[in-house]
Structures are given as C-alpha cells and as structure tokens.
DNA sequence: TGCTGTGAAGCTCTTCACAGCC
DNA sequence: GGCTGTGAAGAGCTTCACAGCA
C-alpha cells in the first residue's frame, strides 16, 4: 500500500534508484516473474539489498515478510510514489536535430510523458511539422502552457539560447525543466531543473579508464 | 600544475562536478573572463565554494592565493585530470534512430571523443552509410576495436539486444561502455559502465513537482 | 523458517573555519 | 588584504543486524 510519508526527508538519490528498480521490475514482469525478494532484485540493480528495502519504506510497506515483493504491485506502487502514474504533458523548446530526435523517442510511446507542443524562435522552422506537431513561435509558449496545463518544459536549443528558453518557460508558469543544452541556466528556486549531457558520462568513463591503468 | 594524487580516493561525484566546472569555465572563457575565484564559479555551478576547492585539490594546486584561478589554465588542468585531453575513439553499436542521432551530435565535433565505427546485426542496415561511416556487422567488432585501439563502446540498441551488444564489446576488449538502452547489462568488474536514460530525469521532475505541491 | 522493515552504527561526502601564501 | 588549500567537524547516506511478522 502506498503511504506518502510527509515527515521524512527523501534523498534525491533514492528517487533515482526507484527509477532503476522500476526498469528492472518491468523486465522481470516481461519474463513472467511474479514475486521477487530484495536480494536478487538488488543484484539485478547493482545495489545493496537493504538499500532497496530502505528506499521503499520511504513510501510505505510493499512487501510481505517471509515472501518478498509482488512484481506487478510493486511496479504500481513505485509509479505512484514517483508520480508517474498519470499523464504528464510537456513542451519542447528547440526544433533542431536534437529536438527532432527527442520527439521520436520511444519513451514518449511507452510512458505517460507526452510532448504536446514544439517551439522555436527561428522563422525558418516555424510552421514546419514534426511528428504531427506544428513548430510554433516561442512567444506563444504562455498560452499553450496554460491551455494544456503543461508543467514540464524540455530545452533542446543551442547553449547560447538556453537561458532565453528557460526565461520564456518560467514566465509561462512551468514547474520543471529538463535541459539538454550544454549550459547552466538560472531560474527561481521554485522551478526544478535537471541537466542531461551525456558527454559528462563519457568524461567519467575516460577518467575511470585512465586511472584503472595504474 | 597537474599532480595526480595516487593515494587519495576520489569520489565519483567529484568527477561529475569537474565536468560541470569545465562547462562553466568554457562559457566564461568565451565571455573573455581570464581569472575567477571559487566563490562566483561556485555560484555559476550551483555548488559550495569549498566543494570546488576540495574537488580541485584531489588533482593538484591550480589556484593562486589572494588571486583566484586562471580560467584557461584551469580548463587545461581539469581536462588533463579527467583524461580528456587526448583523442578517444569510440564505436557505436545500434544503427537505429537513436544511434543515427548520436552520430550527428555536436559533442563529437567539439570534444576529442570520436565515433570511428558503427555496428549493427540487422542485415538490412549493414552496408548503409551514416555520416560517412559504413554500418558493419557486429561480428566484426573485435578486429575494428583492435585495429583502431578503441576503449569505449556506445550501446544504442533496443533493450533486449543490449546484453548481447555488451558481450560483443567485452570480448572485443573494450574498457568502458556508455549504455543508452533502457536495460541493465552485466559485464566483468574491470569494464566500466555508465547508463544514460533521460526519462529517469523526467521521473525525478515528476516526483519533485508532485511533492512541491504540499 | 524466511524475508521484510528499521533503529543504530559506520562510512563517505560536504561544509566550516582558519592557516598559509601571494 | 584576499583567496586558496586543508584538517576537523558536521551532515547525510549506506549498511548492518536483528526484531517483527506471514
């Protein structure tokens, strides 16, 4: 049963792990597994078993002592805990190569996150169609976001235009931003920002490989 | 001066922050800033100033007391510390939509990471050309990796084929894997793996927005 | 019996506060 | 005087170890 624990502070890193647990549970479910204990689940997620149990107790008691966790119902509980068991309309700012490939991403078919608007300030791009969505002038963000009750914006502009895109999104009333542009952005504290730059992971690999050699 | 400190353990999270510092320094450099102190740099990176100073001392003493850090030389020192001040040839496994858009990513023009080979096991894709690279059968990974001294492999296959791609890469002698497939992979401990799934960031935003409302 | 849920211990990372140096 | 570099204190997360329960 999902019981939000309003009192405890939940580490952000636990949230990130819940996403991993969910991914692994989904593949277990596909394989027909119905019940799993924390130990093998931990192995599959590459974490400690009590880590999993502790992360889950932030949100409730989902297991059965002596038995384990029901795969399907744990998936449902985690989805509810994360808040992803409902539609999340999003808007995309930036209709370049990156933006275009984001629109086509499988995740938007498989999850309840949807791109409902594509914006760009380039007059050459405005009016173009991407996967059934017309590219609209960034000036019109506010009306669209209000109309469609959008809370999350995705920035896929070149770095020098990221801050401007963020400003538009913020003044349109957005609550969260996923920023693919390789640039830091400044927003009021009530707006949540997540940065995605996979070259940082390549840097991390380069570092690890370089230092393994010693 | 870069001085590798072989004795100290360097937290992985420090490495990730170094990538952020580098990004911010690059944009300061573009703006013509020559010297910066830890305080404003920290603000721009959204971290604590002593965090930066501590992270940097894992690798040496780069600042001048009473003055600050020279932007250009700090960039060079961080690049050296991360090990990204040299060419890093990589191979891509998976020539679908995702793979295609990775090949075109700007980062491969702006950094010294390069994709030097594209592999797929789909006979329909083999022989195709992507940005000047011929798609080659995955069976031929080993020779290519040996020939071109490739140490990093990028997996951009569907999730069900990720493990097979990883196995091929490992037996070809790869040392690090960047995995874009939404699936966990199992590799020997001497192989480093980084996972990229930006839907996890959307989950995190959804969680934060859901809980902000209280 | 077997596995979850959890207080407490342990450990790692972060921040403080100031010595050290330009 | 001012800012870096750093030992020590503090905070937060992870893991242990076992009570609790099916």
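Chains as they are written, first to last, in the working numbering: chain A, 9 to 222; chain B, 9 to 222. Glycine included, C-beta positions come from ideal geometry on N, C-alpha and C.
Check: Taking Cβ positions, are residue 158 of chain B and residue 126 of chain B nearer each other than 9 Å?
Finding: no
Notebook entry, point to check: Beta-carbon of residue 61 of chain B versus every beta-carbon of chain A: anything under 9 Å?
Noted result: no
Next item on the list: Could you check how far apart the C-beta atoms of residue 109 of chain B and residue 187 of chain A are, in whole angstroms? I think they sit under 8 Å.
Entry: Not a contact, Cβ separation roughly 18 Å.
Note to self: For the region 143-176 of chain B, list every residue whose C-beta sits within 7 Å of some C-beta in chain A, in sequence order.
What the structure shows: 159, 160
Note to self: For the region 85-117 of chain B, list every residue whose C-beta sits within 7 Å of some C-beta in chain A, in sequence order.
What the structure shows: 90, 91, 92, 96, 105, 109, 112, 115
Notebook entry, point to check: From residue 87 of chain A to residue 90 of chain B, what does the alpha carbon distance come to, in whole angstroms?
Noted result: 37 Å
Margin query: Distance check for residue 171 of chain B and residue 40 of chain A, CA to CA, integer angstroms please.
Written below: The alpha-carbon atoms of residue 40 of chain A and residue 171 of chain B are separated by roughly 19 Å.
Next item on the list: With DSSP as the reference, label residue 168 of chain B as helix, strand or coil.
Entry: It is helical.
Next item on the list: In the DSSP assignment, find the alpha helix (DSSP H) that holds residue 65 of chain B and state where it starts and stops.
Entry: Residue 65 of chain B -> alpha helix (DSSP H) spans 57-65.
Margin query: Suppose contacts are defined by Cβ-Cβ distances below 9 Å. Is residue 180 of chain B in contact with residue 150 of chain B by that definition?
Written below: yes
Next item on the list: Taking residue 31 of chain A as the reference, give the member of B:206, B:191, B:204, B:202 with the closest Cα.
Entry: B:191
Check: Hey, is residue 121 of chain B's beta-carbon within less than 9 Å of any beta-carbon in chain A?
Finding: yes
Check: Does any C-beta atom of chain A lie closer than 9 Å to the C-beta of residue 202 of chain B?
Finding: yes
Margin query: Against chain B, with Cβ distances strictly below 9 Å, would residue 205 of chain A count as a contact?
Written below: yes
Checklist line | 9 Å Cβ cutoff, residue 214 of chain B in contact with chain A | finding: yes
Check: Nearest-angstrom Cα distance between residue 22 of chain B and residue 66 of chain B?
Finding: About 9 Å.
Note to self: Less than 9 Å between the C-beta atoms of residue 33 of chain A and residue 63 of chain A, yes or no?
What the structure shows: For residue 33 of chain A and residue 63 of chain A, no; Cβs fall outside 9 Å.
Margin query: Let me check understanding here. Comparing Cα to Cα, which of B:94, B:137, B:161 lies closest to residue 118 of chain B?
Written below: B:94
Check: Would you say residue 134 of chain A and residue 163 of chain A are within 9 Å of each other, going by their C-beta atoms?
Finding: A distance of 9 Å or more separates the beta carbons of residue 134 of chain A and residue 163 of chain A.
Notebook entry, point to check: Quick one: what's got a C-beta closer than 6 Å to residue 136 of chain A's C-beta in the same chain, skipping five residues either side?
Noted result: 143
Item checked: Candidates B:43, B:59, B:189: closest to residue 50 of chain B by CA position -> B:59
Note to self: Whole angstroms are fine: how far does the CA of residue 35 of chain A sit from the CA of residue 140 of chain A?
What the structure shows: 31 Å
Margin query: Quick check: the Cα distance between residue 20 of chain A and residue 209 of chain B, rounded to an integer number of angstroms?
Written below: One C-alpha to the other measures close to 11 Å.
Next item on the list: State the Cα-Cα distance for the pair residue 97 of chain B and residue 199 of chain B, rounded to the nearest angstrom.
Entry: 17 Å
Margin query: For residue 217 of chain A and residue 183 of chain B, I'd like the C-alpha separation in whole angstroms.
Written below: 7 Å
Checklist line | Residues that residue 97 of chain B bridges to, as DSSP identifies them | finding: B:122
Notebook entry, point to check: In this structure, what does DSSP give as the bridge partners for residue 203 of chain B?
Noted result: B:187
Notebook entry, point to check: Does any CB atom of chain B fall closer than 9 Å to the CB of residue 188 of chain A?
Noted result: yes
Margin query: Rounded to whole angstroms, what is the Cα-Cα separation between residue 24 of chain A and residue 219 of chain B?
Written below: 15 Å
Next item on the list: Report the three-state DSSP secondary structure of residue 9 of chain A (helix, strand or coil).
Entry: With a pLDDT of only 47 at residue 9 of chain A, under 50, the local geometry of the prediction cannot be trusted, and no value is derived from it.
Check: Looking at the unbroken beta strand (DSSP E) that takes in residue 163 of chain B, where does it start and where does it end?
Finding: 160-163
Note to self: Going by beta-carbon coordinates alone, are residue 53 of chain B and residue 79 of chain B separated by less than 9 Å?
What the structure shows: For residue 53 of chain B and residue 79 of chain B, no; Cβs fall outside 9 Å.
Margin query: Considering just the uninterrupted stretch of the alpha helix (DSSP H) at residue 53 of chain A, what are its terminal residues?
Written below: Segment 46-53, the alpha helix (DSSP H) holding residue 53 of chain A.
Next item on the list: Indicate whether at least one CB of chain B lies closer than 9 Å to the CB of residue 71 of chain A.
Entry: no
Checklist line | Test: residue 9 of chain B CB closer than 9 Å to a CB of chain A | finding: Confidence at residue 9 of chain B is low in this model, with a pLDDT of 47, below 50, so its placement is unreliable and no value can be given for it.
Next item on the list: Classify residue 138 of chain A as helix, strand or coil using the three-state DSSP reduction.
Entry: strand
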